[in-house]
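Chains A and B are the protein sequences, given in the same order. The first sequence maps to residues 1 to 394 in my numbering. The second sequence maps to residues 1 to 373 in my numbering.
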Amino acid sequence: MRHLLPLGFALILGFGSGAAMAAPYTPKSDAEVLERLPFKATAAEGRELRALRRAHAEQPQDLERALALAQRYFDLASAEGDPRYVGYAEAVIRPWSSAAAPPVESLIMRALVRQYRHEFDAALADLGRAAEIDPEIAKIWTWRAAILLVQADYAGARAACARLAPLASALLNTSCNAAIDARTGKAEQAYSDLSAALARRPDAGPELKLWIQTRLAEAAVQLGRAELAERHFKAGLALGITDGYILAAYADFLLDQGRPLDAVALLKDWERSDVLLLRLALSEQAAGLPSAAAHVKMLQERFDASALRGDKLHQQDEARFHLAMLGDSKGAVRLAAENYRVQREASDARMLMEAALAARDYAAAQPALDWMKSSGYEDPVCEKLAQQLQAGAN
Amino acid sequence: MSRWLALLLLLASFAVQAHKPSDSYLRLKIDGAQVSGQWDIALRDLEQAIGLDANGDGEITWGELRARQSDIGAYALARLSLSGDGENCPLRVSAHQVDHHSDGAYEVLRFAAECAAAPAAIEIGYSLFFDFDAQHKGLLNLEYQGKIQSLVFSPGRSKQRFELGEMSSFRQFLSYAREGVWHIWIGYDHILFLVSLLLPAVLLRERKHWSPVARFPDAFWDVFKIVTSFTVAHSITLSLAALGVISLPSRLVESAIAASVVLAALNNLLPVVGGRRWVVAFAFGLIHGFGFASVLTELGLPRDALVLALVGFNLGVEGGQLTIVAAFLPLAYALRESWFYRRVVLFGGSIAIVTIAMIWLLERALNLKLITP
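Written as structure tokens, this is what we have:
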């Protein structure tokens, strides 16, 4: 009968969310705004995109034009946080990528699309085929390093950085290696290398500066230097670039620091992003704000919608939602463990350890504990979790 | 150079997705030869496909959408096909509305289709947006005779076939009744509760001593009262919970069910409630009803045959219960005078039940995992 427990839970949630479903309606006025597009057709992005689409439509068999449009879509996906553009990019290159011997650029583009869908092994296979055709393309090695990092294959990532070295600048090489150092017990070195590299290049573009500030902040967090981390987060935000990643990382930092009200202030306008909405709701809950309830409901709707589709791209966040919002530690362990089979970043490991500790399912955390040990990853929070798990298991 | 850096940036941010990818929600209801449909299509996707933002200001208004309604209808219905038994069922638009889903505003396209005759099998072809969005999915809910089937169309799977067959109300009723029987048989806590109350039914408690009842009808009526009141009570709460009138936290319900088993069995060891065990059956039966309701929710209730399913499930539970009683009563009656029945079955059995139910209670109340029943 134990299986009735989660079902009973679903019953209550089910009726709760059912009542909230909207119903079709007929707007009263022609002026009513139904949807806001990511950008105006008349704005620079809109004009550029239209030109690329027109060029592609005129000669759909032209690979160069197709790749330009696909790349533009892919960049938009990350800038806007909108996965629709990834689907567009994939469709544009489909005639080439589905060929028996796809051209190298279309293989790389398909690898990007596949890693976006968390099909990491398939993406690596595409990059491998691309490298056989032309190993001198730097992009192949940056992406290979990036994917192997997510899979926690640090030796493989290091080798990819080495292949990148003769093809790219010193700054890019430092970034590639520092990303690995930070995860393999050399956070101190990663921090000093990155800050030295940044100091040497005051002319670097704001996007690169943002990337480095974020990495510096994360390394400082790992080193337990909260004030330093905060300085880097603020420096990154001061660059004025819209970036969901730094917002999420800073919000997590504020939550860990016991400053949920600051996190609420940071994220209050970010309901539209699932990732940031989760952190907003967590902060509101921690601060005891009544607005948490509505945001929890909104999140439930979004997770439901993605479940209907059959997607499993947000399992780390879904695990966190189950653990912190629904008090469902067993469900959280299941999701976190499933997620960890695909993604093995530090935050994925931390999620698994937190869920396992809450559910007292110590064995479930073993892969994350193994990773902590083998990688030498430094982080006070993760180290404490690992100790608690080991104490609990004994 | 800057592009590669942008790629590294992406690497760090690829977990941050603001929205979900593109989906449309297609609902089809088949009623004989008539099919009615509702298709919710995201305005974002329609903008990409045919362009809605006429003045290019980045906002789609109702006026702009309304101006394109006939184009939308033609575009969408050209990418959906229905055929019954191999014969095309022509589609026509019946209304346009608007709705909001978790990721924005949607055109609600209502349409109807007419097949030549009530089909035995229906084939649906879906190709909306697949030409320009390789990750678009069409989420279909197909309703036929109160049963809903869900499935997903994707670029790799754009055709689906359903055998409609004969799913009469009676068969549906039977299938829910079967589920009811099944769930009382695998629901050990419900069975143990009932058995605890029934064990003393063939005995009489006099001067702190058990003695066998003289006549079968005495035992029968005792059992009848207990079973009836348990049934009435759990029917009430099962219905209320399944209809969404009341909901209780499942941990509370499951813990209370375990506690009810403990108390019912304890009462056989240290009798407090004598001949009025039917009152106990009623009071705790209310709690057990919530437990059944969660099973029913798992099965899913057909919206237009709610009462039928509810009654079917409930009757199934009663049927399963009566089978257990019918097996128990003659056996217990035959054994009632034996030392074995009083010592081993009543006393030993009740101790065993208390032990098991205490473990359930601890597990459920404290969220532990001691045994896996």
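Glycine included, every Cβ here is placed at the ideal spot set by N, Cα and C.
- In the DSSP assignment, find the unbroken alpha helix (DSSP H) run with A/Tyr88 in it and report its ends. 84 to 97 is the extent of the alpha helix (DSSP H) around A/Tyr88.
- Message: Here's the rule: buried if 16 or more other CB atoms are within 10 angstroms of the residue's CB, otherwise exposed. What is A/Pro380?
- Response: Sixteen is the threshold: since fewer than 16 other Cβ atoms of the shown chains lie within 10 Å of the Cβ of A/Pro380, the residue is exposed.
- CB-CB under 7 angstroms to A/Leu323, same chain, minus the five flanking residues each way: which ones, in chain order? Once the five neighbours on either side are set aside, the close Cβ partners of A/Leu323 are Ser329, Ala332, Glu354, Ala355, Ala358.
- Query: Ordered along the chain, which non-local residues of its own chain (more than five positions away) have a Cβ less than 8 angstroms from that of B/Trp62?
  - Reply: For B/Trp62, the CB contacts under 8 angstroms within the same chain, skipping 5 residues up- and downstream, are Val98 in chain order.
- Item | Beta-carbon contacts of B/Leu240 that lie in its chain and below 6 angstroms, excluding the five residues immediately before and after | If we look at B/Leu240 and ignore the five residues flanking it on each side, its Cβ neighbours are Ile246.
- Message: So within the region 165 to 198 of chain A, which uninterrupted alpha helix (DSSP H) runs reach at least 4 residues, ignoring any that extend past its ends?
- Response: Here the runs fully enclosed are 170 to 181.
- Task: Please list the partners that B/Ala105 has in chain A, where partner means a Cβ-to-Cβ separation under 7 angstroms.
- Result: Per Cβ cutoff of 7 angstroms: Leu34, Glu35.
- Task: Would you mind sorting B/Val272 into buried or exposed? The rule is 16 or more other CB atoms within 10 Å of its CB.
- Result: By the 10 Å Cβ count, B/Val272 comes out exposed.
- Query: Any idea what DSSP makes of B/Ala121, helix, strand or coil?
  - Reply: In the structure shown, B/Ala121 sits in a strand (DSSP, three-state: E or B).
- Item | 7 angstroms Cβ cutoff, A/Met21 in contact with chain B | Since pLDDT at A/Met21 reaches only 42, below the 50 mark, its modelled position is unreliable, and the value read off the structure follows with that caveat. Chain B contact via Cβ: absent.
- Message: In whole angstroms, give me the CA-to-CA distance for B/Arg44 and A/Leu194.
- Response: Approximately 40 angstroms between the Cα atoms of the pair.
- For B/Val195 and B/Glu318, the rounded distance between their alpha carbons: Rounded to whole angstroms, B/Glu318 and B/Val195 show a C-alpha spacing of 14 angstroms.
- Item | C-beta contact flag for B/Ser150 and B/Asn268 at 7 angstroms | Not a contact, by the Cβ cut-off of 7 angstroms.
- For A/Asn339, the nearest candidate out of A/Met325, A/Ala365, A/Ala292 (CA to CA): Here the closest residue by C-alpha is A/Ala365.
- Message: Give the list of continuous alpha helix (DSSP H) stretches no shorter than 4 residues that lie fully inside the region 361 to 392 of chain A.
- Response: Counting whole runs of 4 or more residues, the region 361 to 392 of chain A contains the alpha helix (DSSP H) stretches 366 to 375.
- Task: Indicate the three-state DSSP secondary structure (helix, strand or coil) for B/Pro212 in the structure shown.
- Result: Here B/Pro212 sits in strand by DSSP.
- Cβ-Cβ separation, B/Pro21 to A/Gly87 (assumed contact under 8 angstroms), whole Å: At roughly 6 angstroms, the Cβ-Cβ gap stays under 8 angstroms, so A/Gly87 and B/Pro21 are in contact.
- Give, in chain order, every residue of the region 129 to 148 of chain B whose Cβ lies closer than 9 angstroms to some Cβ of chain A. Only Phe129, Phe130, Asp131, Phe132, Asp133, Ala134, Gln135, His136, Lys137, Leu139 from the region 129 to 148 of chain B bring a Cβ to less than 9 angstroms from some Cβ of chain A.
- CB contact below 7 angstroms: A/Arg114 versus chain B: The beta-carbon of A/Arg114 is placed no less than 7 angstroms from the nearest beta-carbon of chain B.
- Query: Thinking just about the alpha-carbon of each residue, which of B/Glu59, B/Asp57, B/Arg110, B/Ala74 is nearest to the one in A/Thr26?
  - Reply: Nearest C-alpha to A/Thr26: B/Arg110.
- Item | C-alpha distance - A/Ala107 paired with A/Leu67, whole-angstrom precision | A quick correction: the sequence has Leu, not Ala, at residue 107 of chain A. In a straight line, the C-alpha of A/Leu107 is about 11 angstroms away from that of A/Leu67.
- Message: Need the endpoints of the alpha helix (DSSP H) that B/Ile72 sits in, please.
- Response: Note, B/Ile72: alpha helix (DSSP H), 69 to 77.
- Item | Own chain partners of B/Arg68 with C-beta closer than 6 angstroms, once the 5 adjacent residues on each side are dropped | Here the set comprises Leu52.
- Message: If we define contact as Cβ-Cβ less than 7 angstroms, is B/Lys159 a contact residue for chain A?
- Response: No, B/Lys159 lies away from the interface with chain A (no Cβ there is under 7 angstroms from its Cβ).
- Please go through the same chain and pick out, in chain order, the residues whose beta-carbon is closer than 6 angstroms to the beta-carbon of B/Ser127, but skip the five residues on each side of it. Spatial neighbours of B/Ser127 in its own chain (CB-CB distance under 6 angstroms, excluding positions within 5 residues in sequence) are listed in chain order as Arg79, Ser158.
- Item | Where B/Glu318 falls: helix, strand or coil (DSSP) | In the structure shown, B/Glu318 sits in a helix (DSSP, three-state: H, G or I).
- What are the residues of the region 163 to 196 of chain A that lie near chain B, defined by any Cβ-Cβ distance shorter than 7 angstroms? Going along the region 163 to 196 of chain A in chain order, one finds Ala168, Ser169, Leu172, Ser175 with a Cβ nearer than 7 angstroms to chain B.
- Task: For the beta strand (DSSP E) containing A/His118, list its first residue and its last residue.
- Result: Premise fails: A/His118 is in no beta strand (DSSP E) and is neither H nor E.
- Query: Who are the near neighbours of A/Leu385 in its chain, counting only those whose CB is closer than 7 angstroms to its CB and skipping five residues on each side?
  - Reply: If you ignore the 5 residues before and after A/Leu385, its C-beta comes within less than 7 angstroms of the C-beta of Arg350, Met353, Glu354, Leu357, all in its own chain and listed in chain order.
- Message: Rounded to the nearest angstrom, what separates A/Ala286 and A/Pro260 at their Cα positions?
- Response: The C-alpha of A/Pro260 is placed about 6 angstroms away from the C-alpha of A/Ala286.
- Message: If I follow the unbroken alpha helix (DSSP H) through A/Trp141, where does it start and stop?
- Response: Per DSSP, the continuous alpha helix (DSSP H) segment holding A/Trp141 begins and ends at 138 to 150.
- Item | Cβ of B/Ile60 within 7 angstroms of any chain A Cβ | By this cut-off, B/Ile60 is an interface position.
- Message: With H, G and I counted as helix, E and B as strand and the rest as coil, what does DSSP make of A/Gln59?
- Response: A/Gln59 carries a coil assignment under DSSP once its states are collapsed to helix, strand and coil.
- Task: Whole angstroms is fine: what's the gap from A/Ala229's alpha carbon to A/Asp370's?
- Result: If I take the Cα positions, the gap works out to 27 angstroms.
- Message: Does the CB of B/Lys20 have a neighbour CB from chain C at under 7 angstroms?
- Response: The question asks about chain C, but that chain is absent: this structure's protein chains are A and B.
- Task: Tell me whether B/Phe340 is buried or exposed, calling it buried when 16 or more other Cβ atoms sit within 10 Å of its Cβ.
- Result: It is exposed - the Cβ of B/Phe340 has fewer than 16 other Cβ atoms within 10 Å.
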